[in-house]
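Asks: Input: one structure, supplied below.
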Amino acid sequence: MSFESDFFKKKRVRFETLLAFGFVKMGQDYIYKESFMAGDFEAQVKISESGQVSGRVLDRDTDDDYLALRVERQVGTFVGQVRQAYTEILSRIAEACFIDWPFVKNQTNRLAQYIADKYDDVYDHPFSKYPTISSYRHPVNHKWYALIMAIARGKLDLGKEEWEKKELEQQVEIINLKVNPADMTKLLSISGIYPSYHMNKKSWISLVLDEQVPDNFLFSLVDNSRALTAGRALGNPDGPDYWIIPANLKYYDIDAEFADHQIVDWSQKASIKTGDYLFIYITAPTRALRYACRVVEAGTKGWHSDRKKMSLELLKKYEDETFSHRASQKIWCHQYSRSTSHD
């Protein structure tokens, strides 16, 4: 991976901003040039029509590439100054012409958007030692239902598949998902799906996020993994159901909404129906149950034609200390033990 592709690997170009920044279109590519280090060097950055970024740093005295920039073991003071100055140019380009994406692969980012839209779930980083590994957790029991990471392809259980050495060393983005063991044989026959990496192979799979598996099938596997992770259903067939859904204040200020309105709209979730009771759990760093609501209307046409919404009536607001994360865990464990005591 080149210096530039590594720098921009979690960013996506906004082509409409390039000309205003100073790029020049040459054929299908966009080229940007800038002198730096008192004119001793010139940066040349190229963005292809597919959004791939490459670059050169030229020594103006010789018009040759300054190769020391790209040798990691070159750590001298002068090389460090050149590398820092070039990085600052790339940073300005990134800030003006790119948007940040949470993951490297396009399919992974589409999946993250799907999860956010459908469940309002936000990923976290469960291992401080490995900050690039991301997990999605069920909001009630905080168990993982998806684990996303980048590994060398050769670390997967590839079975009889044959790959070149270079392909085995290639970094791929994978997602680990929980599945029904009865479906395992069928799933492992699908290209791009393998026995789980570093998890229980009897009930988990690893799926390579490289477009081999279509989005709709990937999304259905994620939905299923989330449902399996939820454990025993506690629905009430003879009356209203009770739900807990997460809210991330970074993305939606539910406090401000309830301060202004007794009834607020929310995107439709799962099979929540009119008359159900819904509790809103504020995610990290608060991690506390804050609102009790009643669903006064569900499944109505939403803000967009392809989405539905539900209307929530505020019944009670709790202090965060009342149902903090620790207190809530005790309550859920107690309720679960009661619900299973007659099995």
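In the working numbering, the protein residues as written are 4 to 346.
Ideal placement from N, C-alpha and C gives every residue a C-beta, glycine not left out.
(1) Can you tell me whether S8 is helix, strand or coil according to DSSP?
(2) Within the same chain, show all residues whose beta-carbon is closer than 8 angstroms to that of I154, passing over the 5 residues directly before and after it, in chain order.
(3) Could you give the residue range of the beta strand (DSSP E) that holds K169?
(4) For my contact list, L224 and L180 are in at a C-beta cut-off of 8 angstroms; report their separation, rounded to the angstrom.
(5) Alpha carbon to alpha carbon, what distance is there between L72 and V85?
(6) Quick one: grab the DSSP three-state call for T111.
(7) Leaving out the 5 sequence neighbours to the left and right, which residues in its chain are closer than 6 angstroms to F222 when beta-carbon positions are compared?
(8) Looking at the structure shown, is Q84 part of a helix, part of a strand, or coil, going by DSSP?
(9) Give me the DSSP bridge partner(s) of M313.
(10) Are Q265 and E316 closer than 8 angstroms when you measure CB to CB?
(11) Kindly indicate which three-state DSSP category R17 falls into: helix, strand or coil?
(12) Look at the alpha carbon of I102 and the alpha carbon of F24, and state the distance between them as a whole number of angstroms.
(13) Give me the Cα-Cα distance between L237 and L22, rounded to the nearest whole angstrom.
(14) What are the boundary residues of the alpha helix (DSSP H) that L210 is part of?
(15) Helix, strand or coil for L237 per DSSP?
(16) Relative to the C-alpha of H141, which residue among A233, D120, E164, M152 is closest?
(17) I need the straight-line Cα distance from D218 to F39, nearest angstrom please.
(18) Leaving out five residues before and five after V16 in sequence, what residues of the same chain have Cβ atoms less than 7 angstroms from its Cβ?
(19) Within 10 Å of its beta-carbon, does D120 have 16 or more other beta-carbons around it, so buried, or fewer, so exposed?
(20) Starting from F44, follow its DSSP beta bridges and name the residues at the other end.
(21) Is the region 119 to 137 in contact with the region 41 to 50, if contact means three or more CB pairs nearer than 8 angstroms?
(22) State the CB to CB distance for the pair S8 and V60, rounded to an integer number of angstroms; the pair is presumed to be in contact (CB under 8 angstroms).
(23) Measuring alpha carbon to alpha carbon, tell me which of I196, S228, M202 ends up nearest Q215.
(24) Decide if D27 is buried, meaning its Cβ has at least 16 other Cβ atoms within 10 Å, or exposed.
(25) Terminal residues of the continuous beta strand (DSSP E) containing L70?
(26) Applying the criterion that 16 or more other CB atoms from any shown protein chain within 10 Å of the CB defines a buried residue, is A185 buried or exposed?
(27) Output the boundary residues of the beta strand (DSSP E) element that contains M202.
(28) Please go through the same chain and pick out, in chain order, the residues whose beta-carbon is closer than 6 angstroms to the beta-carbon of I257, but skip the five residues on each side of it.
Replies: Quick look at the numbers:
(1) helix
(2) Q174, V175, I177, Y200
(3) No beta strand (DSSP E) holds K169; the alpha helix (DSSP H) holding it covers 168 to 172.
(4) 5 angstroms
(5) 7 angstroms
(6) helix
(7) Y117
(8) helix
(9) W269
(10) yes
(11) coil
(12) 15 angstroms
(13) Bear in mind that a pLDDT of 48 at L237, under 50, signals an unreliable position, so the number given afterwards is only what the model happens to contain. For L237 and L22, the distance between alpha carbons rounds to 57 angstroms.
(14) Note, L210: premise wrong, no alpha helix (DSSP H); beta strand (DSSP E) at 207 to 211.
(15) The pLDDT assigned to L237 is 48, lower than 50, so where the model puts this residue is not dependable; a value taken from the coordinates is nonetheless given after this. In the structure shown, L237 sits in coil (DSSP, three-state: anything other than H, G, I, E or B).
(16) A233
(17) 44 angstroms
(18) I50, G54, C100, F101
(19) exposed
(20) F39, D62
(21) no
(22) Between V60 and S8 the Cβ distance is about 15 angstroms, and since that is not below 8 angstroms, they are no contact.
(23) I196
(24) Per the sequence shown, the amino acid found at residue 27 is Val instead of Asp. It is exposed - the Cβ of V27 has fewer than 16 other Cβ atoms within 10 Å.
(25) That residue, L70, is in no beta strand (DSSP E); it is neither H nor E in DSSP.
(26) exposed
(27) M202 -> no beta strand (DSSP E), and no H or E assigned at all.
(28) A250
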